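Student: Below is a structure I'd like to ask you about.
In the working numbering, the protein residues as written are 316 to 369.
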């Protein structure tokens with residue numbers, strides 16, 4: 316995985332927290348946007364795992 320705009324691990328953790336909270340708020344969203352949220356949450360969780368090993 317290549318991440319050109321690497322941030323700190325705390326930034327990624329806060330983004331994941333935001334996506335989790337957004338999923339729980341029950342606001343209607345398009346399938347495309349829901350897929351984007353799911354993908355970014357997964358991607359950032361993978362980046363967090365990689366950063367924890369360094």
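Every residue gets a Cβ at the ideal spot worked out from N, C-alpha and C, and that includes glycine. Keep in mind it's a predicted model, so treat the numbers as computed, not measured.
#1: Exposed or buried, which one is residue 359 when buried takes at least 16 other CB atoms within 10 Å?
#2: Secondary structure at residue 333, three-state DSSP: helix, strand or coil?
#3: Can you name the start and end residues of the alpha helix (DSSP H) that residue 343 belongs to?
#4: State the Cα-Cα distance for the pair residue 321 and residue 335, rounded to the nearest angstrom.
#5: Count the other C-beta atoms from every protein chain shown that fall within 10 angstroms of the C-beta of residue 362, then say buried if there are 16 or more, exposed otherwise.
Tutor: Let me lay it out:
#1: buried
#2: helix
#3: Premise fails: residue 343 is in no alpha helix (DSSP H) and is neither H nor E.
#4: 21 angstroms
#5: buried
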